[in-house]
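Visitor:
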Amino acid sequence: MSSMQKYISNTVKSIPPSGIRKFFDLVSQTEGVISLGVGEPDYATPWHIREACFHSLEQGYTMYTSNSGLLELREEIAKYMKKGIGIEYNPEDEILVTVGVSEGVDIALRSLIEPGDEVLIPDPSYVCYGPGASLSYGEPVSLPTYDEDEYRLRPDVLESKITDKSKVLILGYPNNPTGGIMHKEDLEALVDIIVKNDLIVISDEIYSELTYNGKHVSIASLPGMQERTVVLNGFSKAYAMTGWRIGYACGHPDIIGAMTKIHQYTIMCAPIMAQKAALEALRHGEGEMRKMVEDYNYRRKIIVSEFNEMGLTCFEPKGAFYCFPSIQKTGMTSEEFCEKLLIEEQVAVVPGNAFGESGEGFIRCCYAASVSNIEQALERMSNFCIRHIK
Ligand code: PLP
Numbered sequence: 001m002s003s004m005q006k007y008i009s010n011t012v013k014s015i016p017p018s019g020i021r022k023f024f025d026l027v028s029q030t031e032g033v034i035s036l037g038v039g040e041p042d043y044a045t046p047w048h049i050r051e052a053c054f055h056s057l058e059q060g061y062t063m064y065t066s067n068s069g070l071l072e073l074r075e076e077i078a079k080y081m082k083k084g085i086g087i088e089y090n091p092e093d094e095i096l097v098t099v100g101v102s103e104g105v106d107i108a109l110r111s112l113i114e115p116g117d118e119v120l121i122p123d124p125s126y127v128c129y130g131p132g133a134s135l136s137y138g139e140p141v142s143l144p145t146y147d148e149d150e151y152r153l154r155p156d157v158l159e160s161k162i163t164d165k166s167k168v169l170i171l172g173y174p175n176n177p178t179g180g181i182m183h184k185e186d187l188e189a190l191v192d193i194i195v196k197n198d199l200i201v202i203s204d205e206i207y208s209e210l211t212y213n214g215k216h217v218s219i220a221s222l223p224g225m226q227e228r229t230v231v232l233n234g235f236s237k238a239y240a241m242t243g244w245r246i247g248y249a250c251g252h253p254d255i256i257g258a259m260t261k262i263h264q265y266t267i268m269c270a271p272i273m274a275q276k277a278a279l280e281a282l283r284h285g286e287g288e289m290r291k292m293v294e295d296y297n298y299r300r301k302i303i304v305s306e307f308n309e310m311g312l313t314c315f316e317p318k319g320a321f322y323c324f325p326s327i328q329k330t331g332m333t334s335e336e337f338c339e340k341l342l343i344e345e346q347v348a349v350v351p352g353n354a355f356g357e358s359g360e361g362f363i364r365c366c367y368a369a370s371v372s373n374i375e376q377a378l379e380r381m382s383n384f385c386i387r388h389i390k
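Residue 288 in UniProt numbering sits at position 288 of the sequence shown, with consecutive numbering throughout.
1) Can you list, in chain order, the residues of its chain with a C-beta nearer than 6 Å to that of Arg-300? Leave out the 5 residues immediately preceding and following it.
2) For the region 319-345, which segments carrying the alpha helix (DSSP H) assignment without a break, of at least 4 residues, lie completely within its bounds, in sequence order?
3) Hey, is the region 264-274 in contact with the region 117-126, meaning 3+ C-beta pairs nearer than 8 Å?
4) Closer than 5 Å is what we want: which residues have a beta carbon that near any heavy atom of the ligand PLP? List them in chain order.
5) Taking the alpha-carbon positions, what's the Glu-75 to Tyr-43 distance?
6) One question on the structure: do Val-230 and Val-201 come within less than 9 Å of each other, judged by their Cβ atoms?
7) So, under 8 Å CB-CB, Ser-326 and Leu-312 are touching, yes? Tell me the CB distance rounded to an integer number of Å.
8) Can you tell me whether Met-292 is buried or exposed? The criterion is at least 16 other CB atoms within 10 Å of its CB, across all chains shown.
9) Taking the C-alpha atoms as reference points, what is the distance between Asn-213 and Ser-66?
10) So within the region 201-287, which uninterrupted alpha helix (DSSP H) runs reach at least 4 residues, ignoring any that extend past its ends?
11) Taking the continuous beta strand (DSSP E) assigned at residue 473, which residues delimit it?
12) Three-state secondary structure (DSSP) at Ile-363?
13) Are the Cβ atoms of Phe-324 and Asp-149 separated by less than 9 Å?
14) Return the chain-ordered list of same chain residues with a C-beta closer than 7 Å to the C-beta of Asp-106, the five sequence neighbours on each side being excluded.
15) Excluding sequence positions up to five away, which residues of its chain have a Cβ less than 6 Å from the Cβ of Glu-306?
16) Do you know offhand how far Ile-389's Cα is from Val-347's?
17) Starting from the C-beta of His-284, find all residues in its chain whose C-beta is less than 7 Å away, skip the five residues before and the five after it, and write them out in chain order.
18) With DSSP as the reference, label Leu-190 as helix, strand or coil.
19) So which of Ser-102, Leu-26, Tyr-137, Val-97 has the shortest CA-CA distance to Glu-114?
20) Under the three-state reduction of DSSP, which class applies to Asp-123: helix, strand or coil?
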């Protein structure tokens with residue numbers, strides 16, 4: 001077949017392929033793998049949420065909704081945001097229901113970025129932010145974060161990377177891949193810099209419910225920050241609803257209006273079945289969600305103490321369902337470690353550098369796997385470390 005590469009846009013060509021794709025191709029060819037690789041709950045969506053979807057189908061809810069999403073869902077999101085992060089959003093024009101946080105990141109960036117604008121992104125971070133910035137013709141700029149700071153973004157690092165082209169700061173806390181969180185005082189230390197430099201914040205709070213020992217704080221709740229922050233959240237992680245593809249964006253009506261414009265021409269609306277399920281999750285799902293979070297908390301404690309014991313040193317992650325141990329004592333790069341671990345012990349974890357340069361020397365392990373899988377993976381990893389840590 002002849003190459004069609006010359007037809008592909010340079011913007012798309014310039015985006016590096018996902019750092020984990022090659023690795024997961026290898027995982028799929030290996031027998032008997034235990035995976036701590038994929039960032040996905042091991043639970044199916046709670047039954048009452050699935051049932052609410054069946055009932056809505058029985059009642060014939062199979063059509064488009066308003067572009068912004070069902071008003072009753074937006075009203076429920078408004079209540080949830082008020083209770084969760086203490087901010088009032090008007091469901092009429094300050095909330096947009098999206099196809100997951102993924103769509104939210106994309107259309108927030110496309111609404112805000114002019115070609116050449118710089119998008120500041122803590123490193124390591126979730127893999128879609130940098131490519132999302134490039135696809136909006138922006139320039140992703142890395143803000144290194146460090147293990148010794150538990151990957152909180154430092155104000156001096158932010159300040160040192162600001163230029164007259166800086167436009168947007170993306171904050172993804174609790175953080176994928178590190179499990180780091182930003183405490184209120186960490187966020188407060190950024191506010192002056194953000195305001196002085198007239199930055200807009202896109203705050204991806206998809207792991208907000210998965211905050212252990214305390215409550216998630218949104219930067220949007222700090223004085224002066226609500227209007228310059230787009231908060232993104234969704235149902236994938238907290239309610240085990242990854243496949244439903246449902247999330248939302250909250251922010252200033254001008255920004256939500258711009259995002260809605262892109263959304264209406266590209267997506268029309270999030271699927272009504274998923275919106276009905278999300279409504280049920282918000283109305284009656286808190287109990288089951290809290291139980292899942294408690295379970296993750298239990299698994300978190302097991303995994304962190306075992307890693308430290310086997311020599312993969314790891315701070316205690318305070319959020320999300322990842323931990324990010326150092327593999328530096330093995331003398332391997334992150335990719336070498338992951339490939340060898342897969343081949344020798346059939347355990348899949350993700351190289352830290354897939355999430356940015358600052359992740360080199362670390363691996364991401366997801367503990368949203370079953371306790372028995374976590375225990376077996378830990379036993380295999382411990383054997384591996386006995387052989388490879390001198
Ligand atoms: N944001 C972060 C930080 C994530 O880790 C993920 C998925 O792993 C997403 C967004 C994607 O979320 P959604 O399923 O709502 O599109």
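Here a beta-carbon is modelled for each residue, glycine too, at the ideal position from N, C-alpha and C. Computed from a predicted structure; not experimentally measured.
Guide: Taking the geometry as given:
1) Position 300 of the sequence shown, counting from 1, holds the residue named residue 300. Taken in chain order, the residues that qualify are Tyr-367.
2) 334-345
3) no
4) Gly-39, Gly-100, Val-101, Ser-102, Tyr-126, Gly-172, Asn-176, Asp-204, Ile-206, Gly-234, Ser-236, Gly-247
5) Position 75 of the sequence shown, counting from 1, holds the residue named residue 75. Position 43 of the sequence shown, counting from 1, holds the residue named residue 43. Near 27 Å, if we compare the C-alpha coordinates of Tyr-43 and Glu-75.
6) Within the sequence shown, residue 230 is the residue found at index 230, counting from 1. Within the sequence shown, residue 201 is the residue found at index 201, counting from 1. Result yes, Cβ atoms of Val-230 and Val-201 sit closer than 9 Å.
7) Taking the first residue of the sequence shown as position 1, residue 326 is located at position 326. Taking the first residue of the sequence shown as position 1, residue 312 is located at position 312. Right, their Cβ atoms sit about 7 Å apart.
8) Taking the first residue of the sequence shown as 1, we reach residue 292 at position 292. Result: buried.
9) Counting from 1 along the sequence shown, the entry for residue 213 is found at position 213. Counting from 1 along the sequence shown, the entry for residue 66 is found at position 66. In a straight line, the C-alpha of Asn-213 is about 39 Å away from that of Ser-66.
10) 253-266, 272-284
11) In the structure displayed, the chain extends from 1 to 390; residue 473 sits before or after that span and is not available.
12) If you number the sequence shown from 1, residue 363 lands on position 363. If DSSP states are grouped into helix, strand and coil, Ile-363 belongs with the strands.
13) The residue you call residue 324 lines up with position 324 of the sequence shown. The residue you call residue 149 lines up with position 149 of the sequence shown. No.
14) Your numbering for residue 106 matches position 106 in the sequence shown. Correct list, in chain order: Gly-132.
15) Counting from one through the sequence shown, the residue named residue 306 turns up at place 306. Taken in chain order, the residues that qualify are Leu-378.
16) Here residue 389 refers to the residue found at position 389 when the sequence shown is read from its first residue. Here residue 347 refers to the residue found at position 347 when the sequence shown is read from its first residue. Each residue's Cα considered, the two are about 17 Å apart.
17) Taking the sequence shown and counting its residues from 1, one reaches residue 284 at position 284. Here the set comprises His-48.
18) Here residue 190 corresponds to residue number 190 of the sequence shown, with the count starting at 1. Three-state DSSP puts Leu-190 in a helix.
19) Locating residue 114 in the sequence shown gives position 114, counting from the first residue. Cα-wise, what sits closest to Glu-114 is Tyr-137.
20) Reading the sequence shown from its first residue, position 123 is the one you call residue 123. Correct three-state label for Asp-123: strand.
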